[in-house]
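Right, one structure below, let's go through it.
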Amino acid sequence: MAQSNKNFKRFTVTSALPYANGPIHIGHLAGVYVPADIFVRYLRSKGEDVIFIGGSDEHGVPITIKARQQGVTPQEIVDKYHTMIRDSFEKFGISFDVYSRTSAPIHHDTAAEFFRKMYEQGDFIEKTTMQYYDEEAHQFLADRYITGTCPHCSYEKAYGDQCENCGTSLSPTDLINPKSALSGRVPVQKETKHWYLPLDQYEGWLREWILEGHKDDWKPNVYGQCKSWIEQGLQPRAVTRDLNWGVRVPIENTEGKVLYVWFDAPIGYISATREWSEKTGKDWEPYWKDEGSKLIHFIGKDNIVFHCIIFPGMLKKEGTYILPDNVPANEFLNLEGDKISTSRNWAVWLHEYLEEFPGKQDVLRYTLCANAPETKDNDFTWKDFQAKNNNELLAIYGNLINRTIVLTEKYFNGKVPERQKISEDDKAILEEIKKFPERIGSKLDHYRFREALSEMMNLARLGNKYLTDSEPWKVIKTDEDRVKTILNISLQICANLSILSEPFLPFTAEKLTYLLNIKPLRWDEAGHSDILESGHQLNKAEYLFERIDDKVIETQVSKLLEAKKQNEAQESGVNPAKENIVYDDFARIDIRVGTILEAEKIAKTKKLIKLKIDTGIDQRTVVSGIAEYYKSKDIIGKQVCILVNLEPRKLRGIESQGMILMAEDANGKLVFVSPAEKFMNGSEVK
RNA sequence: GGCGAGGUAGCUCAGUUGGUUAGAGCGUCGGAUUCAUAACCCGGAGGUCACGAGUUCAAUUCUCGUCCUCGCUACCA
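Take 382 as the starting number for the first sequence in our numbering and just add one per residue.
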């Protein structure tokens, strides 16, 4: 992975810009901000020149929709969430050098300038297409602003990009009876001109740069995803949209057009750096334009294509920028077994956590780092959070510090005793200590945060073992000099921890430096065993962590269950009745009771099961899309209702002779409609 | 359907350029201990390394196929 960091003069570390239409949750933290923060704290501790960039992404259609729904302006929406996000990051110890926002004037300038330069260089292609236009509101309509009847499921409130009832993705022209969400009028199709980034032309150098150049140092998930995109063939992508919210297209005759949000958002990293530059008086350009700078994007896996292909494409074409050295994207974090969802309120919100667990930032940081979804999706559970606090942070780290300081208080009035004669065991320990900075650091250099964290804890484990093995509480009765040595070494371990744990546990490290009564030290000062001088006075012992008991965890779990209940209530939306029919329409339908004789999942399909049914009339094959809800082996022998006079139809090359009756709820979950008791096969359902 | 990532102890993960008894942390069980927030320390149990076939003297590691999870993409209803 990453070549030696020593080859670089400075580091530019960006973290994905959170979208300002909701608060931050643990998924964002575990995937992006905690690892990024650990990384930059480590670099700073090593004395590297590093800038850590964050900011809110405030443009795009979803924000305008949210604003309309709430009857406020988009700016009010983003003001609210930007403030909230910024403050919660700060309280959580995410140590941005700058946290900016894309509605800031400096960003509008930067993005417009970026676009203009590319435009003048002829880097875009222009295309005119037909788009829906609302003649009353006098504007073109984003896909989300058009509603109509879904051509698949007849749901009447489908959006232009997706039907929320059946989940199908749509394009606005698919909708039956399209309506503008702005005025309710029928929109008309109208020509509009947009600019496209010709990604297809970048394939050559992208292949060389990523597929050949980063085969070994990018994470497999990132590399694989890029490969997938490139091999599938890249398409030109529109960089502008017809919308009133965003960065105005900086060329003439482009009323009502803005930069597409994905185009302006990554430029936000650059704008933020410029903002930082204005505040600090330092030059921003080397961080983005000097080959001696190492640019690293921390993101979630949903952002890979933008940061590995599109944004680099923009940077390269613009011509004066460097490309990212690495994009250590993480996978997703689940919560108690379910996908985290902002709209379904299935999340642990950072601002709530900070209120409910005051002073426990590091506990969450630790849990999220230990469970970071580095190689695959991972699950956060409150029980695990509790275990990590009680059995690791408290039992191993906190306990070592506490017992060491308490012993020192007891025997030496809290003064660091002088080291006396060194035993072979002591020597071995001192040698071990030396290895930790490099051991932890090299893991961090390679973005292996979980392992780095575990190595850090190993130092605390080493300290505990040393204490237990050398039993100063016994030795004190016979050999005080020996105890001096033991505690001196134990205290040096504590001092090392104050340095080496700082990137992971900044609040704890700070408390620890207070307890040890020292100044924060740099990474290079770790590994040594003379950090604390003999005679140095410690402060009084205090706990670094407190036990979290079951009650606290139960409260959190029931809070989640409450959210789940509310979701279910909300999602139990029922479709309105269809038009009336006459009896004859119904009488033509022939439904029978049948029994499933065989069931076999059809390979390579998501939903299909091939069933053999005894209908009383005959035995026949039916293909049914129920595999997401039933396992083949569980349904054999089950009685079901089957529509027997449906025109046969081939699905996956198998002729399906009928249809099994299923009830479907608002979530699309299916359940068999079966006779209430065992009934003769072939019985008619009337 | 195509593509990508993953599938290793109860949980979270490491590892194997193919080679004797597959590792760690947490949990669990037992022991020891009392300086320490029932914490620390020692030890045990626990895995046919998703499944099947192939290559090989030897495969968890290579090849092929299958299944499962997640994502991207396409299509079908």
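Idealized CB from N, CA, C, for every residue including glycine.
Quick check on threonine 701: buried or exposed, where buried means 16 or more other Cβ atoms within 10 Å of its Cβ?
When all chains shown are included, threonine 701 counts as exposed.
Judging by CA-CA distance, which residue of Ala523, Ile407, Phe392, Pro399 is the nearest neighbour of phenylalanine 766?
The residue with the shortest Cα to Cα distance from phenylalanine 766 is Ile407.
How many Å lie between valine 1066 and threonine 976 at the Cα?
The alpha-carbon atoms of valine 1066 and threonine 976 are separated by roughly 14 Å.
Quick one: using the 10 Å Cβ neighbour count with 16 as the cut-off for buried, is valine 1052 buried or exposed?
It is exposed - the Cβ of valine 1052 has fewer than 16 other Cβ atoms within 10 Å.
As a quick exercise: from His909, Glu914, Leu919, Glu906, pick the residue whose alpha carbon is nearest that of lysine 892.
Selected option, being the one with the closest Cα: Leu919.
Can you tell me whether DSSP reads methionine 695 as helix, strand or coil?
Residue state, collapsed to three classes: helix.
In its own chain, which residues sit with a C-beta less than 6 Å from the C-beta of isoleucine 972, not counting the 5 before and 5 after it?
Counting only Cβ-Cβ distances below 6 Å, and skipping sequence neighbours, we find Cys1022, Leu1024, Val1066.
Sort Tyr414, Ile611, Val642 by Cα distance to valine 620 and report the nearest one.
Nearest of Tyr414, Ile611, Val642 to valine 620, Cα basis: Val642.
Just the C-alpha distance for phenylalanine 495 and asparagine 711, rounded to the nearest angstrom, thanks.
If you take the alpha carbons of phenylalanine 495 and asparagine 711, they lie about 29 Å apart.
By DSSP, does tyrosine 847 sit in helix, in strand, or in coil?
Tyrosine 847 falls in the helix class under three-state DSSP.
What is the rounded straight-line gap between the Cα of arginine 449 and the Cα of proline 455?
The straight-line gap from Cα to Cα measures roughly 8 Å.
What's the gap between the Cα of asparagine 898 and the Cα of glycine 908?
So the alpha carbons of these two residues sit roughly 19 Å apart.
For phenylalanine 761, report the span of its beta strand (DSSP E) as first-last.
That run of the beta strand (DSSP E) goes 759–761.
Would you tell me roughly how many angstroms separate the C-alpha atoms of aspartate 850 and asparagine 877, rounded to the nearest one?
Distance between the alpha carbons of aspartate 850 and asparagine 877 is about 20 Å.
Could you give the DSSP three-state label for histidine 575: helix, strand or coil?
Three-state DSSP puts histidine 575 in a strand.
Have a look at the DSSP bridge pairing and note the partners of isoleucine 782.
For isoleucine 782, which the question treats as bridged, DSSP gives no partner whatsoever.
Taking the beta carbon of phenylalanine 967 as the centre, do at least 16 other beta carbons fall within 10 Å, making it buried, or is it exposed?
Exposed, by the Cβ-count rule.
Leaving out the 5 sequence neighbours to the left and right, which residues in its chain are closer than 8 Å to glutamine 384 when beta-carbon positions are compared?
For glutamine 384, the predicted structure reports a pLDDT of 47, less than 50, and the residue's modelled location is therefore unreliable. The matter cannot be settled from this model.
Measure the alpha-carbon distance for arginine 928 versus serine 879 and round it to whole angstroms.
One C-alpha to the other measures close to 21 Å.
From aspartate 683 to arginine 422, what does the alpha carbon distance come to, in whole angstroms?
The alpha-carbon atoms of aspartate 683 and arginine 422 are separated by roughly 25 Å.
Can you find the residues in the same chain that come closer than 7 Å, C-beta to C-beta, to proline 957, ignoring five residues on each side of it along the sequence?
Confidence at proline 957 is low in this model, with a pLDDT of 49, below 50, so the placement of that residue is unreliable and no value is reported for it.
Could you pull out every residue in the same chain whose Cβ sits closer than 7 Å to the Cβ of proline 399, ignoring the five residues on either side in sequence?
The residues are Ile405, His409, Ser437, Asp438, Ile466.
Please classify threonine 510 as buried or exposed, where buried requires at least 16 neighbouring CB atoms within 10 angstroms.
Label assigned to threonine 510: exposed.
So, with DSSP's three-state summary, where would you put threonine 789?
Helix at threonine 789.
Using 10 angstroms around the beta-carbon of isoleucine 962, count the other beta-carbons present and answer buried if the total reaches 16, otherwise exposed.
By the neighbour-count rule (16 or more Cβ atoms within 10 Å), isoleucine 962 is not buried but exposed.
Within a Cβ cutoff of 6 Å, which residues of the same chain sit near proline 647, ignoring the five residues on either side of it in sequence?
Only Phe692 meet the Cβ criterion.
May I have the straight-line CA-CA distance separating leucine 604 from serine 674, to the nearest angstrom?
One point to set straight first is that residue 604 is tyrosine, not leucine, in the sequence displayed. Approximately 22 Å between the Cα atoms of the pair.
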